[in-house]
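Single-structure report; data block below.
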């Protein structure tokens, strides 16, 4: 297990190198940053001088190695817009995003698990059809639209929740619910189909033959077996919730990493874009690693060497 | 049988499956008794209704199953009149079951210790520690080496034979009066099979339990059973004590089963088989259900369904012409 962990951590290094390449070159093909920094009537000479001052006239690979050197020191450059280190600015947004991600994941799991189990238990009934239909709908509706609908209902018509922004616990409910719709929608049918097949397993019959209550058989003996694929799908969604909630954070003006990234892209604030993508990648790697380790905890048959 | 007190008594058990093509009958008018401390073997081909019969007693039939019985009583208590929750409380305590597939019958995600203590603790108000001690005791009883460390293992660390021993320990955990064993040795190799059979006999004596042993293997029956019930196509066709049955099988189906086992002095290279296949549940033949496969079938066999009639003292046979067929002197 320890050896597996070390190997997994070592595997992260080449992945990180590839990520830095993608981040660096993508941003470089995105256009000339001096366009935004200089006034529209700047002369080509002025432009060239700025490019030289910023080191943008050197060959790309030299710029890349400089970039790597700086990244290793934790320096992603300063934001053109805020004149502060990009990394610090982005790191400050992470707790805000994690808060939203955590609450939405909680909403999603608290809703999806009982609904998945119940619709398996009542498969073929109108209840099952309703839940399956809702889950298809949840996957089909784009999140910006869900967000706007929720704002219309709860903020504009019912006037019980704030439209957007952050600060009070009430502010988090709508964006978290919007993200939870997206997150829960694929989990429900997964739990449902897992539970349906597991309830026919021999060990479920054994559990029943022991005289266990049916609810205990379902929630303990069957559900634990249904959990492994659920962990996978949750782990795949965590990066999207923490850093990738670009649209939802923008719709609700939630000052997290996603909104920050969108603003940076609009402003061509390339250091910020680079650091945001880099951080989101790292969150993805960590989430995947945690998922692999959680498998071991759930299922003793999964062993890593 | 007569001198034993009855433990399980089934009267007129009928089981139906609800399918897309309507209701089909899997078990027809099955009645039998098991005495206290008796080991009764229920024999028949796959799909003859023997497993469904046993699941009906446990109340564990699949959802699409409909169980109707005049009476199923265990130790004088009427199971058919019980609420599901009352029946649940008897499962694992008064009656327990072990299954054919030891590899899939234990939950892969829980330790042996958890699965064993769980069944002890739901039926007894005792502490975790006491349950654990009891579990160690049980594992010793089923001859599992290093019981303390096995308790911490997951099922995947154990061989099939070991897992079946654990299943037996789970089944015996609360001293059940009735143990139903559904082909418990079929998935095991022959040497392990012999060990498990010996263990079951031994535990049965020790706990003075009765066993309903379901199998298709007549070799196992000869080794372990006191009395044998032969089922064919959802009906009992013959019932006798093990010695009489092997000495003189009365029903042509039983005779066929015996002829299709390998005998040590058999000179033919071809193994005898029973012609034809088990009839489909949805299209049972008229008359005797065995007549399309019976080498002795006559005109009346095609029309009249024979009753299960008491013959030769304490035997039962469902055949119109059993007396004429006489039964081969087997062995």
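Chains as they are written, first to last, in the working numbering: chain A, 1 to 305; chain B, 1 to 331. Yeah, the Cβ is synthetic: ideal placement off N, Cα and C, and Gly gets one too. Quick caveat: nothing in here was measured; it's all calculated off a predicted structure.
Measure the C-alpha to C-alpha separation of residue i and residue j and round it to an integer number of angstroms.
i                      : j                      : result
residue 240 of chain B : residue 155 of chain B : 39 Å
residue 129 of chain A : residue 264 of chain A : 43 Å
residue 301 of chain B : residue 291 of chain B : 6 Å
residue 151 of chain A : residue 72 of chain A  : 43 Å
residue 208 of chain B : residue 75 of chain B  : 13 Å
residue 154 of chain A : residue 145 of chain A : 14 Å
residue 276 of chain B : residue 47 of chain B  : 15 Å
residue 195 of chain B : residue 210 of chain A : 24 Å
residue 185 of chain B : residue 193 of chain B : 5 Å
residue 266 of chain A : residue 113 of chain B : 60 Å
residue 10 of chain A  : residue 17 of chain A  : 12 Å
residue 92 of chain A  : residue 257 of chain A : 9 Å
residue 332 of chain B : residue 49 of chain B  : Residue 332 of chain B is absent from the model: chain B starts at 1 and stops at 331.
residue 88 of chain A  : residue 54 of chain A  : 21 Å
residue 83 of chain B  : residue 89 of chain B  : 10 Å
residue 21 of chain A  : residue 279 of chain A : 14 Å
residue 293 of chain A : residue 8 of chain A   : 11 Å
Could you name the residues of the same chain whose beta carbon sits closer than 8 Å to that of residue i, not counting the 5 residues immediately before and after it, in chain order?
i                      : result
residue 217 of chain A : 204, 207 and 208
residue 2 of chain B   : Low confidence applies here, because residue 2 of chain B scores a pLDDT of 49, under 50, leaving its location unreliable; read the following figure in that light. These residues qualify, in order along the chain: 314.
residue 136 of chain B : 147, 148 and 151
residue 279 of chain B : 233, 285, 289 and 292
residue 225 of chain B : 39, 40, 41, 213 and 242
residue 28 of chain A  : 60 and 63
residue 61 of chain B  : 15, 52, 55 and 67
Relative to the C-alpha of residue i, which residue among the options is closest?
i                      : options                       : result
residue 252 of chain B : B:317, B:226 and B:215        : B:317
residue 201 of chain B : B:15, B:180, B:188 and B:163  : B:180
residue 103 of chain A : A:181, A:219, A:131 and A:287 : A:181
residue 74 of chain A  : A:80, A:66 and A:2            : A:66
residue 297 of chain A : A:231, A:242 and A:240        : A:231
residue 20 of chain B  : B:61, B:65 and B:76           : B:65
residue 226 of chain A : A:161, A:120, A:268 and A:28  : A:120
residue 59 of chain B  : A:267, A:214, A:46 and A:282  : A:214
residue 224 of chain A : B:45, B:109 and B:32          : B:109
residue 157 of chain B : A:35, A:162, A:280 and A:301  : A:301
residue 332 of chain B : B:294, B:153 and B:283        : Because chain B in this structure spans residues 1 to 331, residue 332 of chain B falls outside the shown range and cannot be described.
residue 31 of chain B  : B:53, B:304 and B:178         : B:53
residue 83 of chain A  : A:122, A:160, A:272 and A:285 : A:272
residue 252 of chain A : A:149, A:286 and A:229        : A:149
residue 23 of chain A  : A:287, A:200 and A:270        : A:270
residue 198 of chain B : B:175, B:222 and B:177        : B:222
residue 315 of chain A : A:158, A:132 and A:18         : With chain A covering only 1 through 305, there is no way to say anything about residue 315 of chain A.
residue 319 of chain B : B:249, B:237, B:176 and B:274 : B:237
residue 256 of chain B : B:250, B:270 and B:274        : B:274
residue 304 of chain B : B:323, B:287 and B:298        : B:287
residue 200 of chain A : B:63, B:294 and B:215         : B:63
Go to residue i, then tell me how far its alpha helix (DSSP H) extends in each direction, as first and last residue.
i                      : result
residue 258 of chain A : 257–266
residue 135 of chain A : 126–140
residue 133 of chain B : 128–141
residue 176 of chain A : 169–198
When you compare the CB positions of residue i and residue j, do they come within less than 8 Å of one another, or not?
i                      : j                      : result
residue 68 of chain B  : residue 35 of chain B  : no
residue 164 of chain B : residue 188 of chain B : yes
residue 242 of chain A : residue 6 of chain A   : no
residue 168 of chain A : residue 248 of chain A : no
residue 307 of chain A : residue 138 of chain A : Past the boundaries of the shown model lies residue 307 of chain A; chain A is included only from 1 to 305, so the question cannot be answered.
residue 119 of chain B : residue 160 of chain B : no
residue 144 of chain B : residue 162 of chain B : yes
residue 27 of chain B  : residue 7 of chain B   : no
residue 285 of chain A : residue 261 of chain A : no
residue 103 of chain B : residue 167 of chain B : no
residue 254 of chain B : residue 270 of chain B : no
residue 177 of chain B : residue 210 of chain B : yes
residue 202 of chain A : residue 33 of chain B  : no
For residue i, report the span of its beta strand (DSSP E) as first-last.
i                      : result
residue 65 of chain B  : 65–74
residue 7 of chain B   : 6–19
residue 232 of chain B : 227–232
residue 22 of chain B  : 22–35
residue 182 of chain B : 178–182
residue 213 of chain B : 210–215
residue 238 of chain B : 235–241
residue 309 of chain B : 309–311
Looking only at its own chain, which residues have a Cβ that is under 7 Å from the Cβ of residue i, when we skip the five neighbours before and after it?
i                      : result
residue 291 of chain A : 231, 232 and 235
residue 176 of chain A : 100, 103, 104 and 107
residue 51 of chain A  : 34 and 57
residue 287 of chain A : 235, 238 and 239
Short of 6 Å in beta carbon distance, which residues of its chain neighbour residue i, apart from the five on each side in sequence? Order them along the chain.
i                      : result
residue 325 of chain B : 296
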